[in-house]
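Comments concern the structure below.
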Amino acid sequence: MRNHVALLLLALGVRVVAAQQPASPPAWAYGFATPLDPNAPPAQGRGGGGGGGGGGGGRGAAQQAAPDTTKHTIQGSSVAFTLAQVRDGFGPADWFPGDHPTMPPIVAQGRREAMITACSLCHYPNGKGRPENAGVAGLPYEYFMKTMSDFKNDARKSADTRKTNTGRMIQFAKAMTDDEINAAATYFSSMKWTPWVKVVETDTVPKTRIAGGLFIVAEGAAAGTEPIGQRIIEVPVNGEQTETLRNPRSDFIAYVPTGSLRKGEAVATRGQCALCHGTTLQGLGPVPGIAGRSPSYMVRQMFDMQHGTRTGSWSELMKRVVGPMAPDDMLAVAAYVASRAP
66 MRNHVALLLL ALGVRVVAAQ QPASPPAWAY GFATPLDPNA PPAQGRGGGG
116 GGGGGGGGRG AAQQAAPDTT KHTIQGSSVA FTLAQVRDGF GPADWFPGDH
166 PTMPPIVAQG RREAMITACS LCHYPNGKGR PENAGVAGLP YEYFMKTMSD
216 FKNDARKSAD TRKTNTGRMI QFAKAMTDDE INAAATYFSS MKWTPWVKVV
266 ETDTVPKTRI AGGLFIVAEG AAAGTEPIGQ RIIEVPVNGE QTETLRNPRS
316 DFIAYVPTGS LRKGEAVATR GQCALCHGTT LQGLGPVPGI AGRSPSYMVR
366 QMFDMQHGTR TGSWSELMKR VVGPMAPDDM LAVAAYVASR AP
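Residue numbering for the sequence shown follows my numbering, beginning at 66 and increasing consecutively.
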């Protein structure tokens, strides 16, 4: 079976990689500027794809600045919040209550005594999420439940050990009750996935800085452009709206290398992707739709499954396809899939 899959992928123009697959994850997909040092100790605490909020620095109470009580607003919203409210892990700001159904408690507030932060902090109340975490709106109920089970049972980890928000998801899943997981799955699966990322082919990209795993276009003296190389650089359309105010209507641009879409189409439309995810890549039954979702996220998942840090019965099916793929092939497939209308 493995040889048949490899021959099919070769026929589709996918470069098959032998046992010398690089051990280092593509840093850009995991929210880093430099490759993982395999000799470095695992990251602790926040950072490296955090996507979370709250928490203070290392200063003593006497040195801490007075609380910022400034109320912020965003266009189209009738409410106002302080930055502390925006980043509150146990009740983050909901800028557009009319954009989604009533959130269950685990989504809206989390559970403080178990140190489970609100799902809506990182994934937003509308479930759209950001490149450093995941878009969960529109995922099939069965798939959501299986994913949480994999986190709970240590079958889903990150190939890049610096990515600490994956570790937090494992902790949350282990602490959540069955009712809480069911409530979150029911809530997020009830919402349709809608366009969230615009894919742009290019040879050069804006220079960026990284904040908690999120690439932000650099400004001022640090601004400029640089070659994209073999990377996908996924940035907010409006850095302040996304990074500072966590605006759930502020979407993203994914810059991909020139030629990626054509190469990715050859694999995704005639290969194994359509078999399970549907000809329109919008999913079949419990298999999730992948059209129009974050390409950075998709590359992470393919790499994690290829290298055995994301396992489980469904992941093993995917591993048959991604196992022979080179990093450049994963990039191209993710770029093409992200460019398709959900």
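The beta-carbon is built from N, C-alpha and C at its ideal position, and this holds for glycine as well. Note that the coordinates shown come from a computational prediction; the quantities given were computed from them, not determined experimentally.
Quiz item: Which value, in whole angstroms, describes the spacing of the CA atoms of residue 324 and residue 358?
Solution: If you number the sequence shown from 1, residue 324 lands on position 259. If you number the sequence shown from 1, residue 358 lands on position 293. Rounded to whole angstroms, residue 324 and residue 358 show a C-alpha spacing of 19 angstroms.
Quiz item: residue 101: beta carbon under 7 angstroms from a heavy atom of the ligand NAD?
Solution: With respect to small molecules bound, the structure shown includes none, and the ligand NAD cannot be examined in it.
Self-check item: For residue 281 and residue 291, the rounded distance between their alpha carbons
Solution: Reading the sequence shown from its first residue, position 226 is the one you call residue 291. Reading the sequence shown from its first residue, position 216 is the one you call residue 281. Near 14 angstroms, if we compare the C-alpha coordinates of residue 281 and residue 291.
Practice problem: Report the rounded CA-to-CA distance for residue 407 versus residue 190, giving the unit in angstroms. | Solution: Numbered from 1 along the sequence shown, position 342 holds the residue referred to as residue 407. Numbered from 1 along the sequence shown, position 125 holds the residue referred to as residue 190. Going from the Cα of residue 407 to the Cα of residue 190 covers about 19 angstroms.
Exercise. List the endpoints of the continuous alpha helix (DSSP H) containing residue 346.
Key: If you number the sequence shown from 1, residue 346 lands on position 281. Residue 346 -> no alpha helix (DSSP H), and no H or E assigned at all.
Quiz prompt | Simplified DSSP state of residue 390, which is helix, strand or coil | solution = Counting from 1 along the sequence shown, the entry for residue 390 is found at position 325. Strand at residue 390.
Exercise. Write down the C-beta distance between residue 269 and residue 293 rounded to the nearest angstrom, noting that I regard them as a contact closer than 8 angstroms.
Key: As a working note, residue 269 is residue 204 in the sequence shown. As a working note, residue 293 is residue 228 in the sequence shown. So it is a contact: roughly 6 angstroms between Cβ atoms.
Exercise. Decide if the region 177–191 is in contact with the region 335–348; the criterion is three or more beta carbon pairs, one per stretch, under 8 angstroms apart.
Key: no
Quiz item: Hey, how far is the Cα of residue 306 from the Cα of residue 136?
Solution: Taking the first residue of the sequence shown as 1, we reach residue 306 at position 241. Taking the first residue of the sequence shown as 1, we reach residue 136 at position 71. Approximately 14 angstroms, taken between the alpha carbons.
Quiz item: Are residue 355 and residue 367 closer than 8 angstroms when you measure CB to CB?
Solution: Along the sequence shown, read from residue 1 onward, the residue named residue 355 stands at position 290. Along the sequence shown, read from residue 1 onward, the residue named residue 367 stands at position 302. No; because the gap between Cβ atoms is not below 8 angstroms, this pair is not in contact.
Quiz prompt | Whole-angstrom distance between residue 234 and residue 114, CA atom to CA atom | solution = One-based indexing of the sequence shown puts residue 114 at position 49. One-based indexing of the sequence shown puts residue 234 at position 169. At residue 114, the pLDDT of 46 sits below 50, so the modelled position is not reliable and the matter cannot be decided from this model.
Quiz item: In whole angstroms, what is the alpha-carbon distance linking residue 169 and residue 156?
Solution: Taking the sequence shown and counting its residues from 1, one reaches residue 169 at position 104. Taking the sequence shown and counting its residues from 1, one reaches residue 156 at position 91. Answer to the nearest angstrom: the Cα atoms are 12 angstroms apart.
Quiz item: Measuring CB to CB, does residue 272 end up less than 8 angstroms from residue 285?
Solution: Residue mapping note: residue 272 aligns to position 207 of the sequence shown, counting from 1. Residue mapping note: residue 285 aligns to position 220 of the sequence shown, counting from 1. No, these two residues do not count as a Cβ contact at 8 angstroms.
Exercise. Could you check how far apart the C-beta atoms of residue 91 and residue 392 are, in whole angstroms? I think they sit under 8 angstroms.
Key: Here residue 91 refers to the residue found at position 26 when the sequence shown is read from its first residue. Here residue 392 refers to the residue found at position 327 when the sequence shown is read from its first residue. About 6 angstroms; that satisfies the 8 angstroms criterion.
Quiz item: To the nearest angstrom, how far is it from the Cα of residue 350 to the Cα of residue 131?
Solution: The residue you call residue 350 lines up with position 285 of the sequence shown. The residue you call residue 131 lines up with position 66 of the sequence shown. Whole-angstrom Cα-Cα distance: 52 angstroms.
Quiz prompt | Pairwise C-alpha distance: residue 403 and residue 262 | solution = As a position in the sequence shown, residue 262 is number 197, starting the count at 1. As a position in the sequence shown, residue 403 is number 338, starting the count at 1. Straight-line Cα distance between these residues: approximately 7 angstroms.
Practice problem: Could you have a look at residue 171 and say whether DSSP puts it in helix, strand or coil? | Solution: Mapped onto the sequence shown, residue 171 falls at position 106. Residue 171: helix per DSSP, three-state reduction.
Quiz item: Per DSSP, residue 137 is paired with what?
Solution: Position 72 of the sequence shown, counted from the start, is the residue given in the question as residue 137. Residue pairing from DSSP places residue 137 in a beta bridge opposite 146.
Quiz item: Can you name the residues that DSSP bridges to residue 275?
Solution: Locating residue 275 in the sequence shown gives position 210, where the first residue counts as 1. Residue 275 pairs with 280.
Quiz item: When we look at the beta-carbon of residue 397 and count the other beta-carbons within 10 Å, is it buried (16 or more) or exposed?
Solution: For this step, residue 397 is matched to residue 332 along the sequence shown. A residue is called buried when at least 16 other Cβ atoms come within 10 angstroms of its Cβ; residue 397 meets this threshold and is buried.
Quiz item: Alpha carbon to alpha carbon, what distance is there between residue 386 and residue 373?
Solution: Position 308 of the sequence shown holds residue 373. Position 321 of the sequence shown holds residue 386. So the two alpha carbons sit approximately 13 angstroms from each other.
Exercise. Measure the C-alpha to C-alpha separation of residue 219 and residue 316 and round it to an integer number of angstroms.
Key: The residue you call residue 219 lines up with position 154 of the sequence shown. The residue you call residue 316 lines up with position 251 of the sequence shown. Approximately 32 angstroms between the Cα atoms of the pair.
Self-check item: Short Cβ contact (8 angstroms threshold) for residue 253 with residue 209
Solution: Locating residue 253 in the sequence shown gives position 188, where the first residue counts as 1. Locating residue 209 in the sequence shown gives position 144, where the first residue counts as 1. For residue 253 and residue 209, yes; Cβs fall inside 8 angstroms.
Quiz item: Over what stretch of residues does the alpha helix (DSSP H) that includes residue 235 continue unbroken?
Solution: Stepping through the sequence shown from its first residue, residue 235 is reached at position 170. First-last of the alpha helix (DSSP H) with residue 235: 229–240.
Practice problem: Can you tell me which of 188, 266 and 311 puts its alpha carbon nearest to the alpha carbon of residue 250? | Solution: Taking the first residue of the sequence shown as 1, we reach residue 250 at position 185. The residue with the shortest Cα to Cα distance from residue 250 is 188.
Quiz item: When the Cα of residue 243 is compared with those of 260, 213 and 229, which residue comes out closest?
Solution: Working through the sequence shown from its first residue, we reach residue 243 at position 178. Out of 260, 213 and 229, 213 has the C-alpha closest to the C-alpha of residue 243.
Quiz item: Apart from the five residues on each side of it in sequence, which residues of its chain come closer than 7 angstroms, Cβ to Cβ, to residue 99?
Solution: By 1-based counting over the sequence shown, the position of residue 99 is 34. Excluding sequence neighbours, residue 99 sits near 92.
Exercise. Per DSSP, which residues does residue 267 bridge with? Please list them.
Key: Taking the first residue of the sequence shown as position 1, residue 267 is located at position 202. Paired residues: 322.
Quiz item: Does DSSP put residue 298 in a helix, a strand or coil?
Solution: Taking the sequence shown and counting its residues from 1, one reaches residue 298 at position 233. Residue 298 falls in the strand class under three-state DSSP.
Quiz item: Per DSSP, which one or two residues make a beta bridge with residue 290?
Solution: For the purposes of this step, residue 290 is identified with residue 225 of the sequence shown, where counting begins at 1. Its beta-bridge partners are 271.
Quiz item: So which of 240, 198, 256 and 257 has the shortest CA-CA distance to residue 230?
Solution: Locating residue 230 in the sequence shown gives position 165, counting from the first residue. The shortest C-alpha separation from residue 230 is found at 198.
Quiz item: Taking the Cβ atom as the reference point for each residue, do residue 25 and residue 377 lie within a distance shorter than 8 angstroms?
Solution: Nothing in the structure corresponds to residue 25, since the chain is present only between 66 and 407.
Quiz prompt | Terminal residues of the alpha helix (DSSP H) in which residue 207 lies | solution = Your numbering for residue 207 matches position 142 in the sequence shown. Element bounds for residue 207: 206–217.
Exercise. Could you pull out every residue in the same chain whose Cβ sits closer than 7 angstroms to the Cβ of residue 125, ignoring the five residues on either side in sequence?
Key: Numbered from 1 along the sequence shown, position 60 holds the residue referred to as residue 125. At residue 125 the pLDDT is 48, less than 50, meaning the model places this residue with poor confidence and gives no usable figure here.
Exercise. Throw me the rounded Cβ distance for the residue 202 and residue 256 pair, which I believe falls under 8 angstroms.
Key: Within the sequence shown, numbered from 1, the residue matching residue 202 stands at position 137. Within the sequence shown, numbered from 1, the residue matching residue 256 stands at position 191. So it is a contact: roughly 4 angstroms between Cβ atoms.
Quiz item: Helix, strand or coil: which one does DSSP assign to residue 385?
Solution: Residue mapping note: residue 385 aligns to position 320 of the sequence shown, counting from 1. Helix at residue 385.
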